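Asker: Count along the sequence shown starting at 1, add 27, and that's the number in my numbering.
We put the beta carbon where it would ideally sit given N, CA and C, even for glycine.
Only a predicted model underlies this, so the values are computations on that prediction, with no experimental measurement involved.
First the structure, then my questions, so here it is.
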Amino acid sequence: MPAMYARRPAAADGERAPLGPPAPDDESRTGGAGGNEITADGAAEAVWAASDPYTTALRTGRGPLYLRRTDGWLLPLEVERWCADADTVDSAVLDRCEGAVLDVGCGPGRLVAELAARGRTVLGVDVSEAAVTRTITVGGQALRRSVFDPLPGEGRWGTVLLMDGNIGIGGDPRALLHRMSQLLAPGGLLIAETAQLDLDERARVQVVDVAQGRALMGDPFPWARIGTPALLQLADRAAEWRPEAQWTAGDRRFVALRTRTASTNAEPPKSRAVISSQRPRKTSAD
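As structure tokens, this is what we get:
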């Protein structure tokens, strides 16, 4: 992977290091020892990352790929759309982003790359090495780490994205919402893509590739699917959130929530978040 950012100088006493990705020799960025210290909450993410069908699909940019519940029901995964450029629905979502943007479960990086092309400060986070590699290849910045592990700029992100069903990460939307409130700045914006149906489902699933008459399966892990009404109810019961907006575009549904109070990890008011927002040129992932 290319070294895409210069090492930041250590912050002097009383100063904060700028908000942004870690220096290129941070082992967690390329999946080294630091990135493998996954917490209990992030264990499901680690299983997803180790799934051979998922890794293969991201590297090739092709499906078919599914999530399969223990009862055999299959949910198609839109690999081709994820690996393409941001579409008009994606672009409309990105138009709503404020400040520095953290894309949680960034996958192959189409949203990170589009925001970088707009000159925005953006970082993708994913536990999949293949996802991080592809994000960097298409011109984005990405960190290989569980969202439940320590992340750069906690309490200072202007917007956090949970797109493409990533509200299901860890199988517990309530816990994930709480984690998002820790990452956002006071008054920060969360944009989550919800299920097309009005449901609130917890299940154990596997990533399955059924191409060419054979089935390749990853290990089971907990996942969740939640529709807009159920997500708004969860947010309403939590002290951290107030509803901002909800909308439908095509066959996709979205909810925007805003943090009510300061995160416990928020920076003092005098601190500033400044990093370069220039888009790196496309290059090989080798």
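Any contact of the region 215 to 233 with the region 274 to 287, i.e. 3+ C-beta pairs under 8 Å?
Answerer: yes
Asker: Under 8 Å by Cβ, that's how I've got G88 and L104 pegged, so tell me the actual separation to the nearest angstrom.
Answerer: In this structure G88 is not in contact with L104, their Cβ atoms being roughly 13 Å apart against a cut-off of 8 Å.
Asker: Are C133 and T115 touching if we call contact CB-CB under 7 Å?
Answerer: no
Asker: DSSP state of Q223, grouped into three classes?
Answerer: coil
Asker: Going straight from the alpha carbon of G254 to that of A119, what length do you get?
Answerer: Their backbone Cα atoms lie some 20 Å apart in a straight line.
Asker: Buried or exposed for A127, going by 16 or more other Cβ atoms inside 10 Å?
Answerer: That one is buried.
Asker: Under three-state DSSP, which class holds Q260?
Answerer: helix
Asker: Restricting to Cα atoms, I'd like to know which of D130, Y93, T82 is closest to D236.
Answerer: Y93
Asker: Is the region 168 to 180 in contact with the region 247 to 263, if contact means three or more CB pairs nearer than 8 Å?
Answerer: no
Asker: Check S290 in the structure and name its three-state DSSP category.
Answerer: Note that S290 scores 44 on pLDDT, short of 50, meaning its location in the model is unreliable; the coordinates nonetheless yield the value given after this. S290 falls in the coil class under three-state DSSP.
Asker: Where DSSP assigns a beta bridge to V120, which residues make up the other side?
Answerer: V120 pairs with nothing; no bridge assigned.
Asker: Let me make sure I understand the geometry here. Which of G192, E181, E271, T164 has the alpha-carbon closest to that of V106?
Answerer: Per the Cα distances, G192.
Asker: Can you say whether R95 is buried or exposed, counting buried as having 16 or more other CB atoms within 10 angstroms of its CB?
Answerer: buried
Asker: E156: which of R147, A169, R145 sits nearest, CA to CA?
Answerer: A169
Asker: Given that a residue counts as buried once 16 or more other Cβ atoms are within 10 Å of its Cβ, and exposed if not, what is L226?
Answerer: exposed
Asker: Could you tell me if L224 is buried or exposed, where buried requires 16 or more neighbouring beta carbons within 10 angstroms of its beta carbon?
Answerer: Burial call: exposed.
Asker: Does the distance from the CB of V131 to the CB of L189 come in under 7 Å?
Answerer: yes
Asker: Measuring alpha carbon to alpha carbon, tell me which residue in C110, G197, E271 is nearest V154.
Answerer: Nearest of C110, G197, E271 to V154, Cα basis: G197.
Asker: Please classify D117 as buried or exposed, where buried requires at least 16 neighbouring CB atoms within 10 angstroms.
Answerer: buried
Asker: Within the present structure, is the beta-carbon of W268 separated from the nearest heavy atom of the ligand SAH by less than 6 Å?
Answerer: Judged by which ligands are present, the structure shown has none, so any question about the ligand SAH falls away.
Asker: According to DSSP, which residues form a beta bridge with P270?
Answerer: L284
Asker: Bridge partners for W250 per DSSP, in chain order?
Answerer: A230
Asker: Quick check: what's the CA-CA separation for V187 versus P80?
Answerer: Counting only the Cα atoms, P80 lies some 27 Å from V187.
Asker: Would P270 be called buried (16 or more neighbouring beta carbons within 10 Å of its own) or exposed?
Answerer: exposed
Asker: Where does the unbroken alpha helix (DSSP H) through V139 begin, and where does it stop?
Answerer: From DSSP, the alpha helix (DSSP H) with V139 extends over 137 to 144.
Asker: Counting C-beta neighbours from all protein chains within 10 Å, is the total for W100 16 or more, i.e. buried, or is it exposed?
Answerer: exposed
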